[in-house]
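These protein sequence lines are chains A and B, in that order. For the first sequence, the numbering used here begins at 823 and goes up steadily by one. For the second sequence, the numbering used here begins at 823 and goes up steadily by one. We treat Cβ as the ideally placed atom computed from N, Cα and C, and that holds for glycine. A quick note: this is a predicted structure, and the numbers were derived from the prediction, not measured.
Protein chains: 2
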Amino acid sequence: MPATTPETVQRFVEAWGAMGSLWGINRSVARVHALLMATEEALALEEIAERLQISKGNASMSLRELRTFGVVRQVEVPGDRRDFYVTEPDVWLMFFRILKERKRREFDPALEAIHALVDAPGATGAVRGRLEQMADLLTTIEGVVNRFLQDPQSSRSALAFIAGMPFGRKQNGKG
Amino acid sequence: MPATTPETVQRFVEAWGAMGSLWGINRSVARVHALLMATEEALALEEIAERLQISKGNASMSLRELRTFGVVRQVEVPGDRRDFYVTEPDVWLMFFRILKERKRREFDPALEAIHALVDAPGATGAVRGRLEQMADLLTTIEGVVNRFLQDPQSSRSALAFIAGMPFGRKQNGKG
DNA sequence: GCGAACGTTCTAAATATTCTGAACGCACGA
DNA sequence: TCGTGCGTTCAGAATATTTAGAACGTTCGC
Numbered sequence: 823m824p825a826t827t828p829e830t831v832q833r834f835v836e837a838w839g840a841m842g843s844l845w846g847i848n849r850s851v852a853r854v855h856a857l858l859m860a861t862e863e864a865l866a867l868e869e870i871a872e873r874l875q876i877s878k879g880n881a882s883m884s885l886r887e888l889r890t891f892g893v894v895r896q897v898e899v900p901g902d903r904r905d906f907y908v909t910e911p912d913v914w915l916m917f918f919r920i921l922k923e924r925k926r927r928e929f930d931p932a933l934e935a936i937h938a939l940v941d942a943p944g945a946t947g948a949v950r951g952r953l954e955q956m957a958d959l960l961t962t963i964e965g966v967v968n969r970f971l972q973d974p975q976s977s978r979s980a981l982a983f984i985a986g987m988p989f990g991r992k993q994n995g996k997g
Numbered sequence: 823m824p825a826t827t828p829e830t831v832q833r834f835v836e837a838w839g840a841m842g843s844l845w846g847i848n849r850s851v852a853r854v855h856a857l858l859m860a861t862e863e864a865l866a867l868e869e870i871a872e873r874l875q876i877s878k879g880n881a882s883m884s885l886r887e888l889r890t891f892g893v894v895r896q897v898e899v900p901g902d903r904r905d906f907y908v909t910e911p912d913v914w915l916m917f918f919r920i921l922k923e924r925k926r927r928e929f930d931p932a933l934e935a936i937h938a939l940v941d942a943p944g945a946t947g948a949v950r951g952r953l954e955q956m957a958d959l960l961t962t963i964e965g966v967v968n969r970f971l972q973d974p975q976s977s978r979s980a981l982a983f984i985a986g987m988p989f990g991r992k993q994n995g996k997g
């Protein structure tokens with residue numbers, strides 16, 4: 823039995839699954855991850871599939887993707903032939919891994935194309951200005967992300983600092 | 823005639839269109855936006871559709887979405903009944919608007935759900951710790967984004983600072 | 001070696017998203 | 001008032017993504 827109430831877990835699983843699209847992972851994968859996050863003990867593939875009402879095949883593929891991201895780990899349970907899964911304890915790690923992968927697949931090619939474009943002759947006037955500004959923005963973002971990926975600890979502090987600066991800090995409307 | 827070569831524009835349009843999925847806008851919308859970004863003068867709907875090889879209907883809907891985001895503006899051309907479109911000059915603005923919209927639609931509900939979950943009794947031990955850590959991460963991100971949305975100028979500087987910090991700054995592999 | 005338990009892979013079905021193109025309404029000039 | 005040019009909307013076609021479930025290979029206990 824999980825340390826949290828099934829109802830609570832359920833709610834979290836759905837919320838996380840819904841947010842998955844924000845960072846580009848599919849609903850099943852996000853839900854499997856959420857379930858493991860919210861569960862104290864290791865879970866077997868079949869139990870995951872049952873609890874989430876998804877097929878074993880889907881669960882298997884989702885777990886593989888999560889392992890690829892390095893956010894889920896297989897553990898052995900003595901005397902049990904089945905594979906059990908747990909989430910890695912560091913939530914930040916998960917976030918970084920996924921971020922890194924998306925950056926590599928989607929962001930980097932675009933940044934490169936834009937750089938090439940700005941470098942190439944042809945763009946002039948206002949257009950050139952806009953393009954340069956955009957390349958500049960993307961480069962800054964790339965820098966922050968790289969920094970984040972290489973030194974999560976200090977970058978996290980830096981971000982927390984920005985987040986907490988007095989100016990413009992808006993309290994969340996909830997509650 | 824555009825100030826840039828058609829070839830150059832074309833290349834940019836495709837790169838931008840491909841990256842669209844990263845921030846969750848569809849390919850057509852991103853391509854229309856890119857075309858306007860890369861074009862000096864205002865364009866009529868039909869020309870946009872022709873140049874991008876998409877239907878007028880699609881172009882119309884894409885332009886509407888871009889206007890909703892506030893990144894594209896309609897302009898009048900005296901003596902011409904058609905609507906012409908130009909991009910807003912501030913690239914950052916565009917970025918913020920889209921960011922804001924996605925945050926509102928996808929992030930905020932999830933953050934709220936997780937907060938509610940951590941507040942609720944039920945989560946204990948390691949699970950509770952993980953959940954708190956996650957809520958903490960999301961709250962930090964929310965803070966940075968809010969800050970960004972409210973004061974682009976200073977936030978941009980702060981990010982540029984983080985990006986440029988000597989540690990771990992990796993040169994782009996291109997070239 | 002045989003059969004059962006288990007995980008993985010793959011095909012095809014289900015679903016979601018995006019796009020086209022026809023229908024429509026509006027505004028304008030004749 | 002009619003006809004033309006224009007933009008928008010929407011139903012359904014095209015496409016992409018996600019999922020189920022059957023088929024298969026492996027391991028282990030007997």
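Let me confirm a value: arginine 926 of chain A is counted as buried when at least 16 other C-beta atoms fall within 10 Å, else exposed. Which label applies?
Residue mapping note: residue 926 of chain A aligns to position 104 of the first sequence, counting from 1. Looking at its Cβ environment, which holds fewer than 16 other Cβ atoms inside 10 Å, arginine 926 of chain A is exposed.
How many Å lie between leucine 933 of chain A and valine 854 of chain A at the Cα?
Taking the first residue of the first sequence as 1, we reach residue 933 of chain A at position 111. Taking the first residue of the first sequence as 1, we reach residue 854 of chain A at position 32. About 32 Å.
When you compare only the Cα positions, how much space is there between tryptophan 845 of chain B and arginine 903 of chain A?
For the purposes of this step, residue 845 of chain B is taken as residue 23 along the second sequence, with counting starting at 1. For the purposes of this step, residue 903 of chain A is taken as residue 81 along the first sequence, with counting starting at 1. Computed Cα separation, rounded: 43 Å.
Per DSSP, what kind of secondary structure is alanine 852 of chain B in: helix, strand or coil?
Along the second sequence, read from residue 1 onward, the residue named residue 852 of chain B stands at position 30. Alanine 852 of chain B falls in the helix class under three-state DSSP.
For a contact meaning CB atoms closer than 7 Å, what does isoleucine 815 of chain A contact in chain B?
Here chain A comprises residues numbered 823 to 997, so residue 815 of chain A is not present and cannot be evaluated.
Using the rule of at least 16 other Cβ atoms within 10 Å of the residue's Cβ for burial, across every protein chain shown, is threonine 830 of chain A buried or exposed?
Against the first sequence, residue 830 of chain A aligns to sequence position 8. Buried.
Mind checking whether valine 913 of chain B and methionine 956 of chain A have CB atoms under 8 Å apart?
Stepping through the second sequence from its first residue, residue 913 of chain B is reached at position 91. Stepping through the first sequence from its first residue, residue 956 of chain A is reached at position 134. Result yes, Cβ atoms of valine 913 of chain B and methionine 956 of chain A sit closer than 8 Å.
Determine, using beta carbons only, whether glutamate 862 of chain B and glycine 947 of chain A come nearer to each other than 8 Å.
Position 40 of the second sequence holds residue 862 of chain B. Position 125 of the first sequence holds residue 947 of chain A. In this structure, glycine 947 of chain A lies closer than 8 Å to glutamate 862 of chain B by Cβ.
Is isoleucine 984 of chain B closer than 8 Å to arginine 969 of chain A when the C-beta atoms are compared?
As a first step, residue 969 of chain A must be located in the first sequence, where it is residue number 147. As a first step, residue 984 of chain B must be located in the second sequence, where it is residue number 162. In this structure, isoleucine 984 of chain B lies closer than 8 Å to arginine 969 of chain A by Cβ.
Considering only C-alpha positions, which residue in the set B/Ala856, B/Gly839 and B/Arg950 is nearest to valine 949 of chain A?
Along the first sequence, read from residue 1 onward, the residue named residue 949 of chain A stands at position 127. The candidate whose alpha carbon is nearest that of valine 949 of chain A is B/Ala856.
Closer than 8 Å between beta carbons: that is the criterion. Which residues of the region 925–936 of chain A meet it against chain B?
Listed by position along the chain: Glu928, Phe929, Pro931, Ala932, Leu933, Glu934, Ala935 and Ile936.
Between leucine 981 of chain B and the ligand ATP, is the CB less than 7 Å from at least one heavy atom?
No copy of the ligand ATP appears in this structure; indeed no ligand is present at all.
In terms of DSSP beta bridges, what is alanine 866 of chain B paired with?
Here the question's residue 866 of chain B lines up with position 44 in the second sequence. Paired residues: B/Phe906.
Which residues in the same chain have their Cβ closer than 8 Å to the Cβ of leucine 915 of chain B, if we skip the five residues on either side of it in sequence?
Taking the first residue of the second sequence as position 1, residue 915 of chain B is located at position 93. Counting only Cβ-Cβ distances below 8 Å, and skipping sequence neighbours, we find Gly892, Val893 and Pro974.
Taking 8 Å as the threshold (beta carbon to beta carbon), is leucine 867 of chain B in contact with chain A?
Here residue 867 of chain B is taken as the residue at index 45 of the second sequence, counted from 1. So no, leucine 867 of chain B is outside the interface.
Would you say alanine 840 of chain A faces chain B, with C-beta separation under 8 Å as the test?
In the first sequence, the residue the question calls residue 840 of chain A occupies position 18. Yes, alanine 840 of chain A counts as interfacial toward chain B.
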